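Right, here's the structure in full:
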């Protein structure tokens with residue numbers, strides 16, 4: 001069980017910064033008065049984060065599944 005918890009924590013540590021960047025980009029995109037350059041940069045940032053998060057998400061789901069399967073009933 002300890003190894004699955006360690007694996008889950010590692011995925012969380014890697015996932016969180018990208019998720020925070022994605023959220024910040026979304027907030028910028030939702031700003032009604034964002035200039036064109038800021039909007040374009042936020043869109044590019046969100047695209048990059050989504051690409052990274054996509055690959056992390058599969059590993060995250062596996063880590064969560066493994067952790068929950070190992071939990072005592």
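Residue numbers (the numbering used here): 1 to 73. In this text, a Cβ means the ideal position worked out from N, Cα and C, and glycines have one as well. It should be emphasised that the depicted structure is a prediction, and the values quoted were computed from it without experimental measurement.
Nearest residue (CA-CA) to residue i, options the options
i: residue 25; options: 66, 44 and 8; result: 44
i: residue 22; options: 47, 34 and 72; result: 47
Short Cβ contact (8 Å threshold) for residue i with residue j
i: residue 50; j: residue 29; result: no
i: residue 67; j: residue 8; result: yes
N- and C-terminal bounds of the alpha helix (DSSP H) containing residue i
i: residue 17; result: 2-30
i: residue 58; result: 36-69
(message) Does the contact criterion of 3 or more C-beta pairs under 8 Å hold for the segment 13-20 versus the segment 56-64?
(response) Enough Cβ pairs lie closer than 8 Å, so yes.
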